[in-house]
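Colleague: Here full-length UniProt numbering is used: position 53 in the sequence shown is 53, and no number is missing along the way.
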Amino acid sequence: MDVSTLYLYALAAAACGVLLSVVFSDLIPGIDQIFHPTLILSFVIVTSAFGFALEHLTALGSLVILLISAGISLVVTSLLHLFIFVPLAKAEQSISFSEQTLEGRSAIVIVPIPEAGYGEILVDDVSGRIAKSAVLFEGPALEQGTKVIIIEIKQGVAHVMTYPIQWKEEMFS
1 MDVSTLYLYA LAAAACGVLL SVVFSDLIPG IDQIFHPTLI LSFVIVTSAF
51 GFALEHLTAL GSLVILLISA GISLVVTSLL HLFIFVPLAK AEQSISFSEQ
101 TLEGRSAIVI VPIPEAGYGE ILVDDVSGRI AKSAVLFEGP ALEQGTKVII
151 IEIKQGVAHV MTYPIQWKEE MFS
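This is how it looks when you write it as structure tokens:
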């Protein structure tokens, strides 16, 4: 089998691998922390592409072509990692929020909250406004437009009280 054919097969296999890793990456959580399949497959793709091109365009030996291709691929893949993957990972983390960070923040009731039922609140955040389902922590039913404070969040539901809180002596005992 010709060496350039091997490069072509490796190129096709790695391209299919990238497609599969993008489609099925959520099936194995945390796999990107162990190794980055897209980065490894990108290395194989660039090595194969340069190897195939150099086999057809130069008269160098196959081992020299493999080393040159791997060196070029190492540089390209490193740049890809530094300027694409790392900034994307940081960007995903910066726009997300943890529900726990909402505890202690003030909000406005947008759907009235009955004494034994659910309503909805609106929290202003740096990245926009967040609407959450809400129930009363304690106190009377709340009307639309009432300012509340989020006491805690359980199972995605905010437990709220009117704001400012009317502190009771028994709350501190």
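Each residue gets a CB set at the ideal place from its N, CA and C atoms; glycine is no exception.
By Cβ distance, which residues of its chain are closer than 7 Å to G145, with the 5 residues on each side in sequence left out?
Modeller: Position 145 of the sequence shown, counted from the start, is the residue given in the question as residue 145. If we look at G145 and ignore the five residues flanking it on each side, its Cβ neighbours are I108, V109.
Colleague: Whole angstroms is fine: what's the gap from E138's alpha carbon to V160's?
Modeller: For this step, residue 138 is matched to residue 138 along the sequence shown. For this step, residue 160 is matched to residue 160 along the sequence shown. Taking C-alpha positions only, E138 is separated from V160 by approximately 8 Å.
Colleague: Just the Cα atoms here: how many angstroms apart are A14 and P37?
Modeller: Within the sequence shown, numbered from 1, the residue matching residue 14 stands at position 14. Within the sequence shown, numbered from 1, the residue matching residue 37 stands at position 37. Taking the straight line from one Cα to the other gives about 10 Å.
Colleague: From the DSSP output, read off the bridge partner residues of S106.
Modeller: Numbered from its first residue, the sequence shown carries residue 106 at position 106. In DSSP, S106 forms a bridge with I149.
Colleague: Smallest Cα separation from D124: which of S25, T101, L11?
Modeller: Taking the first residue of the sequence shown as 1, we reach residue 124 at position 124. Of S25, T101, L11, the residue nearest in Cα terms is T101.
Colleague: Per DSSP, which residues does A131 bridge with? Please list them.
Modeller: In the sequence shown, residue 131 corresponds to position 131, counting from 1. Answer by DSSP bridge pairing, in chain order: L122.
Colleague: Using CA coordinates, which residue listed in L88, V86, V3, G119 is at the minimum distance from S62?
Modeller: Taking the first residue of the sequence shown as 1, we reach residue 62 at position 62. The shortest Cα separation from S62 among L88, V86, V3, G119 belongs to V3.
Colleague: Going by DSSP in three states, L67 sits in which element: helix, strand or coil?
Modeller: As a position in the sequence shown, residue 67 is number 67, starting the count at 1. Per DSSP, reduced to three states, the secondary structure at L67 is helical.
Colleague: In the DSSP output, what is L19 paired with across the bridge?
Modeller: Reading the sequence shown from its first residue, position 19 is the one you call residue 19. L19 pairs with nothing; no bridge assigned.
Colleague: Answer with buried or exposed for K154, where buried requires no fewer than 16 other C-beta atoms within 10 angstroms of its C-beta.
Modeller: Here residue 154 refers to the residue found at position 154 when the sequence shown is read from its first residue. So K154 counts as exposed.
Colleague: With 16 other CB atoms within 10 Å as the buried threshold, where does I150 fall?
Modeller: Within the sequence shown, the letter at position 150 stands for residue 150. Buried.
Colleague: How far does the beta strand (DSSP E) with T162 in it extend, from its first residue to its last?
Modeller: Stepping through the sequence shown from its first residue, residue 162 is reached at position 162. Start and end: 157-162.
Colleague: Quick check on the DSSP output: the alpha helix (DSSP H) that includes P37 runs from which residue to which?
Modeller: On the sequence shown, residue 37 is found 37 positions in, with the first residue counted as 1. 37-57 is the extent of the alpha helix (DSSP H) around P37.
Colleague: With 16 other CB atoms within 10 Å as the buried threshold, where does K132 fall?
Modeller: The residue given as residue 132 occupies position 132 in the sequence shown. Flag for K132 reads buried.
Colleague: Is the beta carbon of L142 sitting closer than 9 Å to the one on G117?
Modeller: Locating residue 142 in the sequence shown gives position 142, counting from the first residue. Locating residue 117 in the sequence shown gives position 117, counting from the first residue. Contact flag unset, no.
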